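Order-wise, the sequence lines are chains A and B.
The first sequence begins at 1 in the UniProt record's numbering and counts up by one.
The second sequence begins at 1 in the UniProt record's numbering and counts up by one.
All residues carry an ideal CB built from backbone N, CA and C; glycine is no exception.
Bear in mind that the values here come from a model prediction, so they are computed numbers and not experimental data.
Report on the following structure.
There are 2 protein chains.
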Amino acid sequence: MSRTSRKVEILHAASKIVSQKGIFNLTLEAVALEAGISKGGLLYHFPSKEELVKGMVEHLANNYREKIAGNASMDPVEKGKWIRAYVDVTFNQVYANKDMHSGLLAAKAVNSDLLDPIRELYTEWQSSIEDDGIDPVKATIIRLATDGIWLAELFDIYHIGDEKKDMVYKTLKEWVDE
Amino acid sequence: MSRTSRKVEILHAASKIVSQKGIFNLTLEAVALEAGISKGGLLYHFPSKEELVKGMVEHLANNYREKIAGNASMDPVEKGKWIRAYVDVTFNQVYANKDMHSGLLAAKAVNSDLLDPIRELYTEWQSSIEDDGIDPVKATIIRLATDGIWLAELFDIYHIGDEKKDMVYKTLKEWVDE
DNA sequence: AAAAATATACCGTCCAGATGGTATAGTTAA
DNA sequence: TTAACTATACCATCTGGACGGTATATTTTT
Numbered sequence: 001m002s003r004t005s006r007k008v009e010i011l012h013a014a015s016k017i018v019s020q021k022g023i024f025n026l027t028l029e030a031v032a033l034e035a036g037i038s039k040g041g042l043l044y045h046f047p048s049k050e051e052l053v054k055g056m057v058e059h060l061a062n063n064y065r066e067k068i069a070g071n072a073s074m075d076p077v078e079k080g081k082w083i084r085a086y087v088d089v090t091f092n093q094v095y096a097n098k099d100m101h102s103g104l105l106a107a108k109a110v111n112s113d114l115l116d117p118i119r120e121l122y123t124e125w126q127s128s129i130e131d132d133g134i135d136p137v138k139a140t141i142i143r144l145a146t147d148g149i150w151l152a153e154l155f156d157i158y159h160i161g162d163e164k165k166d167m168v169y170k171t172l173k174e175w176v177d178e
Numbered sequence: 001m002s003r004t005s006r007k008v009e010i011l012h013a014a015s016k017i018v019s020q021k022g023i024f025n026l027t028l029e030a031v032a033l034e035a036g037i038s039k040g041g042l043l044y045h046f047p048s049k050e051e052l053v054k055g056m057v058e059h060l061a062n063n064y065r066e067k068i069a070g071n072a073s074m075d076p077v078e079k080g081k082w083i084r085a086y087v088d089v090t091f092n093q094v095y096a097n098k099d100m101h102s103g104l105l106a107a108k109a110v111n112s113d114l115l116d117p118i119r120e121l122y123t124e125w126q127s128s129i130e131d132d133g134i135d136p137v138k139a140t141i142i143r144l145a146t147d148g149i150w151l152a153e154l155f156d157i158y159h160i161g162d163e164k165k166d167m168v169y170k171t172l173k174e175w176v177d178e
């Protein structure tokens with residue numbers, strides 16, 4: 001247990017650095033400092049920077065997958081449960097999204113192959129969503145719009161206001177049930 | 001003329017490096033090599049790496065703005081012309097999109113403030129789109145879905161197939177005219 | 001018009017500092 | 001005692017960018 005939790009602590013420290021100071025400041029020393037550990041200790045857990053980023057991506061991919069699957073499995077209505085889960089989780093889980101932001105940025109910068117777990121996630125979700133009993137094009141557009149919100153937030157290029165965000169959220173959910 | 005075109009050549013070289021080799025390989029030496037210039041010559045045109053990235057962002061922001069404005073101004077129908085222009089340009093201008101990708105990634109990595117011109121772009125577009133004679137929530141969702149496509153492509157996390165992309169495109173444009 | 005001065009557009013080298021990673025010695029817990 | 005974990009010292013490499021030059025075009029002065 002101690003091993004696992006230490007690792008997770010380190011991953012959180014790494015995420016924090018990426019989101020607050022940018023990818024270029026994701027140095028081993030900075031991560032060690034933020035995690036309250038020595039550089040040697042950090043390298044004991046993650047033998048290279050690439051392994052560290054790989055760990056970030058895998059961790060967040062697993063979390064996200066579980067969260068969406070859990071949400072879908074608790075939905076009383078079968079039709080459209082996956083797209084509803086995707087929309088709900090993505091709109092409302094702000095904290096998890098920030099992890100996603102950091103992981104994506106770090107992986108894209110360090111080595112694009114590290115994004116594979118996320119690609120798998122998306123492939124899974126896309127097929128669940130298309131096989132969800134509602135019009136697949138409409139479902140895809142709903143998913144894309146949801147992605148548009150969090151990806152624009154990731155880059156800080158456009159932050160939708162709270163009221164407008166709410167209206168978009170409601171409209172998208174209505175479309176699922178139409 | 002020679003000054004301007006040299007600068008643009010350098011910016012293209014920088015974009016190419018970012019898109020092909022990632023942000024960590026955007027070094028002054030690599031850009032100089034790709035642009036067929038010496039490091040000293042590069043630094044003559046862009047006195048620091050930050051200035052180089054700033055140049056990338058400003059260049060692509062201006063190009064994009066002109067392209068969308070041009071498209072909107074040539075639309076015979078007033079109602080919905082901005083959202084139509086946004087959808088058309090974003091779906092169809094693949095080359096310009098790649099520049100956008102590189103510029104965003106570089107700016108986000110080097111210094112978030114460099115993204116300001118892109119933020120302005122989005123603010124302008126958003127207000128044009130909302131003041132375009134069609135339901136603003138619907139228009140916003142159409143824009144978000146469009147963003148979702150190119151931002152997912154930016155990260156290589158999800159590439160929509162051509163036929164599906166076409167169907168999404170058609171559906172979005174129908175919604176504009178409904 | 002000739003000479004002098006200045007500006008523009010480059011080039012290649014050098015270096016301090018930062019960084020990823022190794023080696024190694026020490027500590028704690030089972 | 002052993003395995004899990006931590007801390008420190010160290011090294012080789014890379015990078016931004018400062019710097020000193022060169023060549024050519026343009027302007028100013030005489």
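Check	Outcome
Contact with chain B by Y64/A, beta-carbon distance below 8 Å	no
The UniProt domain "HTH tetR-type" (4-64) of chain B: positions lying closer than 7 Å to chain A by Cβ	G22, I23, F24
Where the alpha helix (DSSP H) through L33/B begins and ends	28-35
Nonlocal neighbours in the same chain, by C-beta distance under 6 Å from E130/B, ignoring five residues either side	P136
Contact belief for I141/B with L172/A at Cβ below 8 Å, rounded distance in angstroms	7 Å
Cα-Cα separation, R3/A to E51/A	The predicted position of R3/A is uncertain, since its pLDDT is 46 and thus under 50; no value can be drawn from it.
Contact between the stretch 60-70 of chain A and the stretch 33-50 of chain A (3+ Cβ pairs under 8 Å)	no
G55/A beta carbon less than 8 Å from that of K98/A	no
Selection of the stretch 64-91 of chain A by Cβ proximity to chain B, strictly under 7 Å	none
Contact list for L115/A against chain B, beta-carbon separation under 9 Å	F155, D156, I157
Minimum Cβ-Cβ distance from K161/B to chain A less than 8 Å	Note that residue 161/B is Gly in the sequence shown here, rather than Lys. Judged by the 8 Å Cβ criterion, G161/B is not in contact with chain A.
Whole-Å CB distance - F155/B paired with K108/A, under 8 Å assumed	6 Å
Inter-residue Cα distance where the pair is I17/B and G161/A	35 Å
Interface flag, Q93/A vs chain B, CB-CB below 8 Å	no
Bounding residues of the alpha helix (DSSP H) (the contiguous stretch that carries I160/A)	From DSSP, I160/A is part of no alpha helix (DSSP H); its letter is neither H nor E.
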